[in-house]
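Here is the structure we will look at.
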Amino acid sequence: MTHATSLACRECAREFPLDPLHVCDFCFGPLEVAYDHDGIQSRISRERIESGPRSIWRYKDLLPVDDDFIVDLNVGWTPLLRADRLAARLGMRELWIKNDTCNPSWSFKDRVVAVASSRSRQLGFQTLACASTGNLANSVSAHAARAGMDAIVFIPHDLEAGKVLGSAVYNPTIVAVNGSYDDVNRLCAELADNRSWAFVNINMRAYYAEGSRTLAFEVAEQLGWRAPRQVVAPMASGSLFTKIHKGFQEFQRYGLIEETPVRMIGAQAEGCSPITTAWRNETTNIRPVKPNTIAKSLAIGNPADGYYALKTMKRTDGGATAVTDAEVVEGIRLLAECEGVFAETAGGVTIAGLRQALTNEQIDPDEPTVAFITGGGLKTADAVVEHVTQPIPVEGTLQSFEDAFAEAPQAVGVGG
Amino acid sequence: MATRRVRFTFEGDAVTEPLIYLLGHEFAVVTNIRMADVERDFGWVMLELDGEHDEIDRALGWIAGKGVRVDPVAGDVVEG
Numbered sequence: 001m002t003h004a005t006s007l008a009c010r011e012c013a014r015e016f017p018l019d020p021l022h023v024c025d026f027c028f029g030p031l032e033v034a035y036d037h038d039g040i041q042s043r044i045s046r047e048r049i050e051s052g053p054r055s056i057w058r059y060k061d062l063l064p065v066d067d068d069f070i071v072d073l074n075v076g077w078t079p080l081l082r083a084d085r086l087a088a089r090l091g092m093r094e095l096w097i098k099n100d101t102c103n104p105s106w107s108f109k110d111r112v113v114a115v116a117s118s119r120s121r122q123l124g125f126q127t128l129a130c131a132s133t134g135n136l137a138n139s140v141s142a143h144a145a146r147a148g149m150d151a152i153v154f155i156p157h158d159l160e161a162g163k164v165l166g167s168a169v170y171n172p173t174i175v176a177v178n179g180s181y182d183d184v185n186r187l188c189a190e191l192a193d194n195r196s197w198a199f200v201n202i203n204m205r206a207y208y209a210e211g212s213r214t215l216a217f218e219v220a221e222q223l224g225w226r227a228p229r230q231v232v233a234p235m236a237s238g239s240l241f242t243k244i245h246k247g248f249q250e251f252q253r254y255g256l257i258e259e260t261p262v263r264m265i266g267a268q269a270e271g272c273s274p275i276t277t278a279w280r281n282e283t284t285n286i287r288p289v290k291p292n293t294i295a296k297s298l299a300i301g302n303p304a305d306g307y308y309a310l311k312t313m314k315r316t317d318g319g320a321t322a323v324t325d326a327e328v329v330e331g332i333r334l335l336a337e338c339e340g341v342f343a344e345t346a347g348g349v350t351i352a353g354l355r356q357a358l359t360n361e362q363i364d365p366d367e368p369t370v371a372f373i374t375g376g377g378l379k380t381a382d383a384v385v386e387h388v389t390q391p392i393p394v395e396g397t398l399q400s401f402e403d404a405f406a407e408a409p410q411a412v413g414v415g416g
Numbered sequence: 417m418a419t420r421r422v423r424f425t426f427e428g429d430a431v432t433e434p435l436i437y438l439l440g441h442e443f444a445v446v447t448n449i450r451m452a453d454v455e456r457d458f459g460w461v462m463l464e465l466d467g468e469h470d471e472i473d474r475a476l477g478w479i480a481g482k483g484v485r486v487d488p489v490a491g492d493v494v495e496g
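Protein chains in written order, with our numbering: chain A, 1 to 416; chain B, 417 to 496.
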């Protein structure tokens, strides 16, 4: 039985029932799930969590879903890798990589969609929906298939075929909207009000966002029940960033980890950096932008939770970074070459943002730091295909190989 | 009748023009402001519009033509 009790407005604190609502009827502030903290406190323990499944559902006491409705694709419990080689390259003492490329549809979106789809099932919905250019649509389609629900996915009409495939294989209804990105936004916002569909990040947004907290829960547990001192995470809407911090705070509140401060650093691409721009201009008024970056999964020009991300940075003595597309590619390569993890462009933003934060002295190279890698590299292969090692062409003879190998720059150090 | 919840973002000269008043004057829609933050050269307003569906569309098209950005109150809902 879930400990969720209501939805509460983050602005005026008015409470609403646990329905498919996303904004406060009174002030239009965003709604957030509220919990019975005493009930959680009386039940939760390290031992109880450790005896749970190796997925996000080991934290079900902290999620807004009853057991009977869980849609389980075995999401979460992804590796936390100690990244000593990357740390050495960056001049850091203790760096960890939370590798969320290992989720069922290869991105962290599986966490949020797992919670939203489960809650949708509990609320009696038959159809999951979303508007997406990639990861979110993949995850919604996969979860709907797993749950035996219908899926309807809205995409811009000019989305590349390769990106559509990652959803199409699960057989959802795919609607290609002939219009601008803003037209898709407006259409889906209207449909969420008019149709009996669970739009995971619109009318189910309050539940959806809760799934991101499991990233913090896992990291704290995997670090041996402690929080890192510093975090670098990508920012699109800003929701993931704020919820990671909230997750650490909750573990501290329930006595599962010590109360230590966690400095939160957000990473954006320069071509879509409304939150970082506001941070640098020392304002909480975020000016929407038209995205123009290879980091498509972070391309949210009008971020719903940007204001709260800025508050999180301020509260944690954190900050924000913005990196060029060239730096994004370099970040992807650096992570792959040093640690064997192939990230999508959002991961390149995180690694490049980490590097920038070190240069700008926004983080301390001697403090334990976790960088969040939120999606797999094959999703954005086009971004790096021109920038990686090329094959050495040889004939099928030893001499041909020896000649070519001797001249190949990447043969250095191979030995033997 | 329909209800639409939207966010207007104003920049530059649009900040000081009485555009919300004019919207209610020129179109058969009722405007109901719920939250706002306005600075010297930038501001946003979240409001509810009541009226016929097509009339709301015309009103939103008109104000967008005045340089005001119109978004759903939930921000961008198209995600990567």
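Idealized CB from N, CA, C, for every residue including glycine. This structure is a prediction, so every number in the text was calculated from the model and none was measured.
Through-space distance from residue j to residue i, alpha-carbon basis
i: G483/B; j: R287/A; result: 14 Å
i: V219/A; j: A309/A; result: 20 Å
i: N448/B; j: S107/A; result: 40 Å
i: Q222/A; j: D150/A; result: 35 Å
i: R456/B; j: C24/A; result: 28 Å
i: N281/A; j: T425/B; result: 18 Å
i: V385/A; j: E47/A; result: 46 Å
i: T397/A; j: A406/A; result: 14 Å
i: H441/B; j: E258/A; result: 59 Å
i: N360/A; j: A88/A; result: 18 Å
i: P368/A; j: K109/A; result: 26 Å
i: E99/A; j: W77/A; result: First, the amino acid is wrong: residue 99/A is Asn here, not Glu. Rounded to whole angstroms, N99/A to W77/A spans 10 Å at the Cα level.
i: M462/B; j: P434/B; result: 15 Å
i: A13/A; j: L7/A; result: 9 Å
i: G162/A; j: A444/B; result: 45 Å
i: A430/B; j: T316/A; result: 36 Å
i: V329/A; j: E471/B; result: 47 Å
i: L476/B; j: V164/A; result: 31 Å
i: I479/B; j: L439/B; result: 7 Å
i: A490/B; j: L21/A; result: 11 Å
i: N178/A; j: K379/A; result: 24 Å
i: F16/A; j: E32/A; result: 10 Å
i: I275/A; j: E402/A; result: 53 Å
i: R333/A; j: I351/A; result: 10 Å
i: G416/A; j: P79/A; result: Caution applies to G416/A, whose pLDDT of 44 falls short of 50 and renders its modelled position unreliable; the model cannot decide the point.
i: T214/A; j: H37/A; result: 17 Å
Neighbour flag for residue i against chain A, beta carbons, 8 Å
i: R485/B; result: yes
i: V489/B; result: yes
i: V494/B; result: yes
i: T432/B; result: no
Reference residue i, options the options, closest by Cα
i: V232/A; options: T380/A, T321/A, L18/A, D61/A; result: T321/A
i: P30/A; options: P488/B, V494/B, E495/B; result: P488/B
i: G377/A; options: F28/A, N135/A, C188/A, S237/A; result: N135/A
i: L73/A; options: A381/A, L191/A, V115/A, E337/A; result: V115/A
i: E160/A; options: V349/A, T133/A, I152/A, L18/A; result: T133/A
i: E11/A; options: M451/B, G481/B, I436/B, V446/B; result: M451/B
i: T5/A; options: N103/A, Y207/A, T374/A; result: Y207/A
i: Y254/A; options: L298/A, C9/A, Y35/A; result: Y35/A
Any C-beta of chain B under 8 Å from that of residue i
i: I202/A; result: yes
i: K314/A; result: no
i: F405/A; result: no
i: T397/A; result: no
i: A269/A; result: no
i: G166/A; result: no
i: A236/A; result: yes
i: G301/A; result: yes
i: K296/A; result: yes
i: S139/A; result: no
i: R287/A; result: yes
i: S132/A; result: yes
i: G29/A; result: yes
Cβ pair residue i, residue j closer than 8 Å
i: K243/A; j: G496/B; result: no
i: H3/A; j: I40/A; result: yes
i: V262/A; j: F241/A; result: no
i: P172/A; j: A131/A; result: no
i: M204/A; j: S120/A; result: yes
i: R420/B; j: L465/B; result: yes
i: A147/A; j: S117/A; result: yes
i: V184/A; j: V113/A; result: no
i: G319/A; j: W279/A; result: yes
i: L335/A; j: A343/A; result: yes
i: I155/A; j: A129/A; result: no
(message) Along the stretch 457 to 476 of chain B, where does the CB come closer than 9 Å to a CB of chain A? Name the residues.
(response) F458, G459, W460, M462, L463, E464, L476
(request) Could you run through the stretch 436 to 458 of chain B and flag, in chain order, every residue whose CB is less than 8 Å away from some CB of chain A? (result) Those would be R450, M451, D453, E455, F458, in chain order.
(message) Short of 7 Å Cβ to Cβ, which residues in the stretch 175 to 206 of chain A face chain B?
(response) From the stretch 175 to 206 of chain A, only Y181, V184, N185, R186, C188, A189, N201, I202, R205 have a Cβ closer than 7 Å to chain B.
(request) Could you list the residues in the stretch 11 to 27 of chain A with a C-beta less than 8 Å from some C-beta on chain B, going in chain order? (result) E11, H22, V23, F26, C27
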